[in-house]
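This report refers to the structure that appears directly beneath it.
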Amino acid sequence: MGIKSEKVNFFKKNNIFPKVCSKMDCLTRIFEKKKNKTIRDQKVYSEKNVKNSFHSYSQSAISDTSSSKFIENRSKDPLIKQKYKDLTSSLPSCEKQKYFQEIKLDDDNYITISGFIINKPYQFLYYLLCIITGGFVYLIFLWVPQWKVSFTLKPSPLSTCNWVVIKDKYKEIDVLKIKKEDRGELIFTIYEGFQNPYDFQTKNESSETTPFTYIDYRYLRFIYYPKEQKFIPTYSWKDPLFMLPIEDISKGLSTRARDDREVIFGKNQMDIQEKSVIRLLIDEILHYFYIFQIFSIILWFSDTYYYYASCILAISAMNIIISLINTKKNIRLLRIMSRYISDVRVLRDGVWVTTLSSELVPGDIFDISDPNLSIVPCSSILLTGDCIINESSLTGESIPISKIFASKSAVELLNQVETEVPKELHKHYLFCGTKIIRVRKPFSKDQQAPALAMVVKTGFNTSKGSLMRSILFQKSTSFKFYQDSMRFVAFMAMVAICGFIVNVLRFVEMGITWKLIIVRSLDLITIVVPPALPTTLAIGANFAISRLKKRQIYCTSPSKINISGTVDIMCFDKTGTLTEDGLDVFGVRVIDTPHNRFGKIHKESLTLSFYASNYNDISPHNRDNAILYTMATCHSLKVLNNHLISDPLDLKMFDFTGWIFEENQEYLSKDDSQSFEDQNTAHDFNQEIVSSIVKPKKDLRINDIKDSNFENISSFELGVIKTFEFISHLRRMSVIVKEFSSSDMQVYLKGAPEIMKDVCLLSSLPEDYDQVISYYTGHGFRVIACAMKVLPDMTWIKAQKMTREEVEKDLFFVGFIIFENKLKPTSSETITTLKEADIRCVMCTGDNILTSISVSKRCNIIQHDVQVYMATIQGNIDSPDAKLIWENTESPEMILDNDTLMPQYIPSDSNDPSYYKNCFPEKYFLAITGDVFKWMINFSPYDVFEKMLVKTQVFARMSPDEKHTLVEKLQLLDYCVGFCGDGANDCGALRAANIGISLSDAEASIVSSFTDKKFNITCVFDLIREGRAALVTSFSCFKYMALYSAIQFISASILYSSASNLGNFQYLYIDLMLVLPIAISMGRSEAYPKLVKKRPTASLVSNKIIGSLLGNIFILLSLQLTVYYLVRLQDWYEKPLPRSDLFDVSNSDNSALFTFSCYQYILIAVILSIGPPYRQPIYRNRIFVFFIVVSLITVTLILCKPASWIYEILELSYIRSDFCLIIISLAIFNYTVTWLSEKYLFLPISIQISSMIRKLLCLNTTKRKKRYEEIQSALKF
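Reminder that position 740 of the sequence shown reads as 740 in UniProt numbering, one-by-one numbering, no gaps.
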């Protein structure tokens, strides 16, 4: 009791809850009750090894799996390996000083926080080097921040550091300064929700004077917890109020408690920082591409190359301005999308006050029924009343969701909420940013009682905040083409530096002035690395985006265009993507009781006994009536503006009955429910509270009015007394219903056919139950099973006290409701086309597995003659001791071996070897559910898991998180993954995929790379075609720009040897009149109409690309040298006459090389303009052909008969007509040799040379396969 008194005194002294003393008494009782258990847990915890001690430690915000096999496999899975790196440094209760820790942000993102302090001597040296080098060192450290961290900072314990370096799993780093505030005694309450509630520090502890230390990283706040020596994210904070009774929670916070909590969480607003135009301009200009352009422009102006420098300056300025405008526009759109502040009524100090929603903190009680609220201002839980919420802004789900008030047990589940909300809480949980459609106040004697909600999370800690952060800080694009292009540019820069050094030495020998030496040598760098290269690389993607836009396919991430050309696998959602969005009731099958088998199908409700008997048989014991009453009452329909809203399936089901739905406008509160329970008198039906009433329409069809029960049926009504909402993991919902003037009640239940054996009496199931399910699911229908039971002499009070477990047991099976889901007309054809192009297609859906298999066969994801094996789990799904059984869907005796996933056969006579012969199919596929997928992640050997991923074509019953995880696991097998979904619950997968295609225009589609407005999967075919064309165009443009640089570099280097150079207008003509229009028009080639199996290469470092570049450079160099030496043999030859401070331009060397190189610029573009099988033939690109023809004619005129003004501007010298013919002949020869070599010689020669080099260096000559290709080979795919 001494401990108890001490804790109570502590709370009173520190005034943590000054207004609610009863809360502290309740808390103290709970603390004392749990104390012994916690001490035992801590002892067990301290005895565990590193692996187990890290297990599910919620306070550290680092979660773990419960599988030892999962841990064993972590070395094979980079995501798992990253998660388990150096665990000992982040374990709790370590006495050693911690220098870093790892924190799990969500299911797929981890960060490492490392402590640092400034290394002052090195920091001074850094500043000095920045000044001496004119800012060059500053730029280098800006582009490579890891170097700056290593140079200017030194490691420090987290407890004493002033800076932290945060590295995410993509190796991107952020350097943040620690923020410290002196909060005095407030420090005690700050850690209140981060530790065991009874484990508060006493005032005498040294931490009393510890400053409040925190960091803000990507809009998340991390608070330093001195006791554990680690930073804790605020989203892991657990409110002690969750342990209190709801009536105590509903009293709200005091002003003091509210102010304390604002210190932790900050304002309840998602205020995205908008950089100033100056800051954005500086950030843009300091990019290494623009720094190089600035260097080039300065060099050209100093060399009086004004025209081209001005053009590049104008293009660069325009690009920067466009980039700034787009950046500002996007940020403002995101600010509008995220920022919402309104007036809200809050219960503060026991009094209702109106304040701004930005002032809310976790634990606040606010009035959700306030008419001023149209958007949920924060993530909260509903305590009283009910409401309808539109969650499309977060999930893409267009159907409004019904929310009901939470029970005490539901509130306690909030302790499990960190980044994900448990499924059990969804029906009570109001997500921030969702739209309020309707709110009903609780039914109470006090008609003014509002509907209450408690704030759970605020700001960026909410689900909407998480979505906004995922948009702001997207995964960096890692594409081999972009990586290789940067490496190649770096290689070209090295070549330029070598040329710079060689020419400097040569010019010194020639006696050239140092100013001219530096200008001419630096000019070589701008020649070898052309500033227009990045612009030309984006040409193909930009043209592809414009073509896709004409097909109503919109791109939000241009860099993903090229990636779409390398897709290996496409994952498709089913409903709304492959099939039509809605479901139609195909009919109902009811049990024929005498025969204990299913009767005929009823395709209209009028053929059921309720109508067919002229209403003489309306008993719920009749199975026909029971299934009709189930369809009429067991749903989540709501009335909004005189229209029914609900899940489309429920709407179709209710429409099938033809009945009328009336909704009660008042809702029972917990207090009123209690007052009813305290009364001993029973209530009539009219007095009892029902949520809705259903009844047949008045215009009933009656065959014979005399034989009908018209008078009674006209007043026939069914009232819904209690509803158990649909829960995904239970896969069912049920209602308690009462008929007017009856003392009995009935339970009606609908759910997945698989769960009927758990809730129904087995004797009530018909003999052909499994056969009928297999038939309909096998033909692509969706089946919902129905059951019922009667509750005799049931009062309203007793019904309200019944638990779900009591209601949903010992039911009588009634029949099936069969829904038809039609394929979209384009689905089958598109899937077939993709598979013919060797693009694997899989289905990833939340639907029934048998239905999914059937639909996959109808749309050709699985061929009709291919065997399919389906996995089931025997044993506890959460245990590693459970066992997977892989059974053939058509022949259950055929199974798969759990280790090899190869077919086996279980014969009736195991001694007969003939049963084992010729029973293995050459090709087979797998189908699994989300439960099996999750079990295999946690407990299956990783090699078996990889095989499963390669062989599985249908992933059914997959949750949104499991879809997201599936995409990441496929990427680990080196797949380039595309995901196509309708936006509903597919946001995570769309965001994680290499390319995400949304068939929805909902707000959630912002996370996808592409959005299709036609809402069918033909967009996938169009996107991959355009992606391949854009990728090939990027390669062609890159090779063209590289060879353009090589041609100019060769020309300049040859002329430099004789102290000559190309003239400014010659450079201008080449760059602006020849290269730029040709490069742009080259990218206009449209995509080829067909897809071929072979994908275009995404690597620049390949035999085909390197061999082509080096071979072309050799030919170009040889022929330019030939022209150079031939012109020197002519009797009319005019040699250069240079000065020490000026190169001579007008000479025979210059004119011959200039005109011949112009032919090279033109003709090499023709050779590199690749046509089929990825792009249309070259003659279909009319603009490109036009520029080629015009350029050839113009260059020929300049060579043979130049006008006098052209002669003077280009500073040409005389070339005799016979030598003009030689230049033209050599140009034709150049084209012919290059075309033949490109087609027949370069690739085989490069392969041979590469093989010889590898053998000499003892390197592996075998080409590395992708991981999924290795697995396919092992499985004899």
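Glycine included, each C-beta is placed from N, C-alpha and C at the ideal position.
Because the structure is a prediction, the values reported are computed rather than measured.
Is the beta carbon of Thr575 closer than 8 Å to that of Asn821?
Here the question's residue 821 lines up with position 821 in the sequence shown. Here the question's residue 575 lines up with position 575 in the sequence shown. In contact: Asn821 and Thr575 (Cβ atoms closer than 8 Å).
Please report the straight-line C-alpha distance between Val588 and Lys603, rounded to a whole angstrom.
By 1-based counting over the sequence shown, the position of residue 588 is 588. By 1-based counting over the sequence shown, the position of residue 603 is 603. Their Cα atoms are separated by approximately 7 Å.
Pairwise C-alpha distance: Pro240 and Gly363
What you label residue 363 is simply residue 363 of the sequence shown in a count that begins at 1. What you label residue 240 is simply residue 240 of the sequence shown in a count that begins at 1. Going by the C-alpha atoms only, they are around 9 Å apart.
For Asp303, collect the residues of the same chain with a Cβ closer than 7 Å to its Cβ; drop the 5 residues on either side in sequence, then sort them by chain order.
Indexing the sequence shown from 1 puts residue 303 at position 303. Same-chain partners within the cutoff: Val519, Asp523.
Helix, strand or coil for Asn109, going by three-state DSSP, please let me know.
Here residue 109 is taken as the residue at index 109 of the sequence shown, counted from 1. In the three-state DSSP reduction, Asn109 falls in the strand class (E or B).
Distance between Phe586 and Leu791 (C-alpha atoms, nearest Å):
In the sequence shown, counting from the first residue as 1, residue 791 sits at position 791. In the sequence shown, counting from the first residue as 1, residue 586 sits at position 586. Each residue's alpha carbon lies about 31 Å from the other.
Would you say Lys328 reaches chain D, if we count a Cβ-Cβ gap shorter than 8 Å as a contact?
Although the question refers to chain D, the structure presented lacks it and comprises just one protein chain.
Using DSSP's beta-bridge definition, name the partner residues of Glu102.
Position 102 of the sequence shown holds residue 102. DSSP, once it has assigned bridges, lists Thr112 as partnering Glu102.
Below 8 Å, how does it come out for the stretch 564-579 and the stretch 1018-1034: are there three or more Cβ pairs, yes or no?
yes
Alpha-carbon to alpha-carbon, Tyr1179 and Pro1172
In the sequence shown, residue 1172 corresponds to position 1172, counting from 1. In the sequence shown, residue 1179 corresponds to position 1179, counting from 1. Computed Cα separation, rounded: 12 Å.
Pull up the distance between the alpha-carbon of Gln1248 and that of Phe1156, whole angstroms please.
Within the sequence shown, the letter at position 1248 stands for residue 1248. Within the sequence shown, the letter at position 1156 stands for residue 1156. Near 32 Å, if we compare the C-alpha coordinates of Phe1156 and Gln1248.
Per-residue DSSP class, three states only, for His779:
Residue mapping note: residue 779 aligns to position 779 of the sequence shown, counting from 1. Three-state result, His779: coil.
So, is Phe1219 buried or exposed, given that buried needs 16 or more other C-beta atoms within 10 angstroms?
Indexing the sequence shown from 1 puts residue 1219 at position 1219. Buried: at least 16 other Cβ atoms inside 10 Å.
Alpha carbon to alpha carbon, how far is Ala317 from Lys652?
In the sequence shown, counting from the first residue as 1, residue 317 sits at position 317. In the sequence shown, counting from the first residue as 1, residue 652 sits at position 652. Ala317 and Lys652 have their C-alpha atoms spaced approximately 58 Å apart.
DSSP three-state call for His964: helix, strand or coil?
Against the sequence shown, residue 964 aligns to sequence position 964. It is helical.
If you compare alpha carbons, which of Ile404, His595, Thr900, Asp581 is closest to Ser691?
Position 691 of the sequence shown, counted from the start, is the residue given in the question as residue 691. Taking only the C-alpha atoms, the option nearest Ser691 is Ile404.
Helix, strand or coil at Lys652 according to DSSP, with G and I counted as helix
Here residue 652 is taken as the residue at index 652 of the sequence shown, counted from 1. If DSSP states are grouped into helix, strand and coil, Lys652 belongs with the helices.
Bridge partners - Asp216, DSSP secondary structure assignment:
As a first step, residue 216 must be located in the sequence shown, where it is residue number 216. Per DSSP, Arg221.
What did DSSP end up calling Trp1235 once you bin it into helix, strand or coil?
On the sequence shown, position 1235 is the one that residue 1235 refers to. Helix.
Check whether the stretch 1197-1214 and the stretch 1116-1126 are in contact - that is, three or more C-beta pairs closer than 8 Å.
no
Using the beta-carbon count (16 or more within 10 Å), is Arg339 buried or exposed?
Working through the sequence shown from its first residue, we reach residue 339 at position 339. Per the 10 Å Cβ criterion, exposed.
For Ile1164, which residues of its own chain have a beta-carbon under 6 Å away from its beta-carbon, when the five flanking residues on both sides are left out?
In the sequence shown, counting from the first residue as 1, residue 1164 sits at position 1164. Within the same chain, Ile1164 has close Cβ partners Leu1043.
Candidates Phe1184, Asp982, Phe945: closest to Leu973 by CA position
In the sequence shown, residue 973 corresponds to position 973, counting from 1. For Leu973, the nearest C-alpha among the options comes from Phe945.
Using DSSP with H/G/I as helix, E/B as strand and the rest coil, what is Leu27?
Translated into the one-based positions of the sequence shown, residue 27 becomes position 27. Unreliable placement is indicated for Leu27, whose pLDDT of 40 sits below 50; the coordinate value is still reported in the next sentence. Helix, per DSSP.
For Lys1014 versus Leu1243, is the C-beta spacing smaller than 8 Å?
On the sequence shown, residue 1014 is found 1014 positions in, with the first residue counted as 1. On the sequence shown, residue 1243 is found 1243 positions in, with the first residue counted as 1. Result no, Cβ atoms of Lys1014 and Leu1243 do not sit closer than 8 Å.
Taking Cβ positions, are Pro145 and Ile178 nearer each other than 8 Å?
What you label residue 145 is simply residue 145 of the sequence shown in a count that begins at 1. What you label residue 178 is simply residue 178 of the sequence shown in a count that begins at 1. In this structure, Ile178 does not lie closer than 8 Å to Pro145 by Cβ.
Could you check how far apart the C-beta atoms of Cys634 and Ser734 are, in whole angstroms? I think they sit under 8 Å.
Taking the first residue of the sequence shown as position 1, residue 634 is located at position 634. Taking the first residue of the sequence shown as position 1, residue 734 is located at position 734. Confirmed, Cβ separation roughly 7 Å.
Judging by CA-CA distance, which residue of Cys1158, Cys1258, Lys98, Ile1050 is the nearest neighbour of Val528?
Along the sequence shown, read from residue 1 onward, the residue named residue 528 stands at position 528. Among Cys1158, Cys1258, Lys98, Ile1050, the Cα nearest to that of Val528 is on Ile1050.
Using only the alpha-carbon positions, how far apart do Ser342 and Asp271 sit?
Here residue 342 refers to the residue found at position 342 of the sequence shown. Here residue 271 refers to the residue found at position 271 of the sequence shown. Using only the alpha carbons, I get a separation of about 14 Å.
By the DSSP assignment, the beta strand (DSSP E) with Tyr554 in it spans what residues?
Position 554 of the sequence shown, counted from the first residue, corresponds to residue 554. 553-555 is the extent of the beta strand (DSSP E) around Tyr554.
Alpha carbon to alpha carbon, how far is Glu968 from Glu962? Give it in angstroms, no decimals.
Reading the sequence shown from its first residue, position 962 is the one you call residue 962. Reading the sequence shown from its first residue, position 968 is the one you call residue 968. Straight-line Cα distance between these residues: approximately 10 Å.
By the three-class DSSP mapping on this structure, what secondary structure does Asn372 have?
Within the sequence shown, numbered from 1, the residue matching residue 372 stands at position 372. It is coil, neither helix nor strand.
Every unbroken beta strand (DSSP E) within the stretch 593-655, with a cutoff of 3 residues, ordered by chain
Qualifying beta strand (DSSP E) stretches, in chain order: 597-602, 638-640, 643-645.
So Tyr1040 and Leu1168 are in contact, right, with Cβ under 8 Å, and what is the actual spacing, rounded?
On the sequence shown, position 1040 is the one that residue 1040 refers to. On the sequence shown, position 1168 is the one that residue 1168 refers to. With a Cβ gap of about 5 Å, Tyr1040 and Leu1168 count as contacting.
Beta carbon of Ile368, beta carbon of Ala451: below 8 Å?
Within the sequence shown, numbered from 1, the residue matching residue 368 stands at position 368. Within the sequence shown, numbered from 1, the residue matching residue 451 stands at position 451. Yes, these two residues count as a Cβ contact at 8 Å.
Count the other CB atoms within 10 Å of the CB of Ala490; is the residue buried (16 or more) or exposed (fewer)?
In the sequence shown, the residue the question calls residue 490 occupies position 490. By the neighbour-count rule (16 or more Cβ atoms within 10 Å), Ala490 is not buried but exposed.
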